[in-house]
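Numbering-wise, the working numbering comes out as the position in the sequence shown, counting from 1, plus 121.
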Amino acid sequence: MTLENLQPRERRALALGILLLVLVAVGVGVVKPVVDRYRLYHDAVADLGFRLERLAQVAAQGPALDERVADLTETVRSAGLAVERETPALAAADLQRRLGEVVADKGGNVRSTLVMAPQEEEGFVRVAVRMQMSGDSEVLAEVLEAVESARPLIFVDNVRIQGRRGVVRRGTPDPGAEQVEAQFDAMVFMRGGE
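#1: Alpha carbon to alpha carbon, how far is A187 from A180?
#2: I need the straight-line Cα distance from Q283 to A303, nearest angstrom please.
#3: Once the 5 residues before and after E315 are set aside, which same chain residues still bring their CB inside 7 Å of it?
#4: DSSP state of E315, grouped into three classes?
#5: Let me check understanding here. Comparing Cα to Cα, which of R189, A136, D226 and R132 lies closest to Q260?
#6: Assign A238 to one of three DSSP states: helix, strand, or coil.
#7: For A262, is the classification buried or exposed, using 16 other Cβ atoms within 10 angstroms of its Cβ as the cut-off for buried?
#8: Which residues bound the beta strand (DSSP E) around G138?
#9: By Cβ distance, which residues of its chain are closer than 6 Å to P209, with the 5 residues on each side in sequence left out?
#10: Taking the continuous alpha helix (DSSP H) assigned at D226, which residues delimit it?
#11: DSSP three-state call for D306: helix, strand or coil?
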């Protein structure tokens, strides 16, 4: 069967069928990807609009948070919670001196101190000293209590304790001579540059 053998009515139906197939092919091949891309972009714009709204809300809180930080900074300063020194080196020297005095006052012995590098932390400078001391367990407890209740605040971290029994002549242990070696990091905070 050829096209010449078809009746005009059949030819029109065939032409309409071919036209319909071409339109469907164009719709699937061209229009659908364009519509899909439009939907994708529309969803992306809606998502970005939501994010923009959230960021605007967060940004609106900025002045209130700045005010709160200023209030807390003043509280820290007025309550004597932070060290007021010109440089981290001076703050470290003060901390070393204070720790040495506390250990000596409580009857312990300072074995060594090591000043650690200062570090910036959220507007403050952390000044730390690693202390090694010896004494009995009561001395250590009193030292740690005195250090942690001091003003400006001294924070203690990385505590390592090793016990040793004292030995009297002929290798006989003396129960009253139990000593401890303690190492800990003590740190203070001072205001950073503004």
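Cβ coordinates follow ideal geometry from the N, Cα and C atoms, glycine included.
Working from what's here:
#1: Working through the sequence shown from its first residue, we reach residue 187 at position 66. Working through the sequence shown from its first residue, we reach residue 180 at position 59. This sequence places Asp at residue 187; Ala is not what is there. Computed Cα separation, rounded: 11 Å.
#2: Taking the sequence shown and counting its residues from 1, the one referred to as residue 283 is at position 162. Taking the sequence shown and counting its residues from 1, the one referred to as residue 303 is at position 182. In a straight line, the C-alpha of Q283 is about 6 Å away from that of A303.
#3: The residue given as residue 315 occupies position 194 in the sequence shown. For E315, the predicted model reports a pLDDT of 48, less than 50, meaning its position is unreliable; a value from the coordinates is still stated below. Here the set comprises nothing.
#4: The residue you call residue 315 lines up with position 194 of the sequence shown. Model confidence at E315 stands at a pLDDT of 48, short of 50, so the residue's coordinates are unreliable; what they give is reported in the following sentence. Of the three classes helix, strand and coil, the one that applies to E315 here is coil, per DSSP.
#5: One-based indexing of the sequence shown puts residue 260 at position 139. The question names Gln, yet the displayed sequence has Val at residue 260. V260 has its Cα closest to that of D226, out of R189, A136, D226 and R132.
#6: By one-based count along the sequence shown, residue 238 stands at place 117. In this structure, A238 counts as coil in the three-state DSSP scheme.
#7: Position 141 of the sequence shown holds residue 262. It counts as exposed.
#8: As a position in the sequence shown, residue 138 is number 17, starting the count at 1. No beta strand (DSSP E) contains G138, which is instead part of the alpha helix (DSSP H) from P129 to V147.
#9: In the sequence shown, residue 209 corresponds to position 88, counting from 1. Here the set comprises P239, V246 and V248.
#10: Position 105 of the sequence shown, counting from 1, holds the residue named residue 226. P209 to D226 is the extent of the alpha helix (DSSP H) around D226.
#11: Here residue 306 is taken as the residue at index 185 of the sequence shown, counted from 1. Strand at D306.
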